[in-house]
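Asks: Residue numbers (the numbering used here): 385 to 451. Beta carbons are placed, not taken as given, at the ideal position from N, Cα and C, and that holds for glycine. Note that the structure is a prediction, hence the values are computed from the model and not measured.
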Ligand SMILES: [Zn+2]
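1) May I have the straight-line CA-CA distance separating residue 394 from residue 421, to the nearest angstrom?
2) Starting from residue 424, follow the beta strand (DSSP E) in both directions and report where the run begins and ends.
3) Within 10 Å of its beta-carbon, does residue 429 have 16 or more other beta-carbons around it, so buried, or fewer, so exposed?
4) Compare the beta carbon distance of residue 391 and residue 400 with 8 Å and say whether it is the shorter of the two.
5) With H, G and I counted as helix, E and B as strand and the rest as coil, what does DSSP make of residue 409?
6) For residue 413, which residues from the same chain have a beta carbon less than 6 Å from its beta carbon, with the 5 sequence-adjacent residues on both sides left out?
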């Protein structure tokens, strides 16, 4: 079981999803406003590398749900 930190692009609501395996599309929906414009938060050391540009191809260890 893995947990994913997600943040809504529309209302900045942050929430956590527990999922065995990768995230599914149904997980990427903001529980606050219903927007599907949700992005995954990465660890601070990763955000230093890519910022908001997720899915650029270089997956962290364990693979990326974007892709
Ligand atoms: Zn939202």
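Replies: Looking at the coordinates:
1) Translated into positions along the chain shown, residue 394 becomes position 10. Translated into positions along the chain shown, residue 421 becomes position 37. C-alpha separation (whole angstroms): 7 Å.
2) Here residue 424 refers to the residue found at position 40 when the chain shown is read from its first residue. Here the beta strand (DSSP E) through residue 424 covers 422-424.
3) For the purposes of this step, residue 429 is taken as residue 45 along the chain shown, with counting starting at 1. With a pLDDT of 49 at residue 429, under the threshold of 50, the modelled position of this residue cannot be trusted; read the value that follows with caution. Burial call: exposed.
4) As a position in the chain shown, residue 391 is number 7, starting the count at 1. As a position in the chain shown, residue 400 is number 16, starting the count at 1. Not in contact: residue 391 and residue 400 (Cβ atoms no closer than 8 Å).
5) To locate residue 409, count along the chain shown from 1; it is residue 25. In the structure shown, residue 409 sits in a helix (DSSP, three-state: H, G or I).
6) Here the question's residue 413 lines up with position 29 in the chain shown. Only 420 meet the Cβ criterion.
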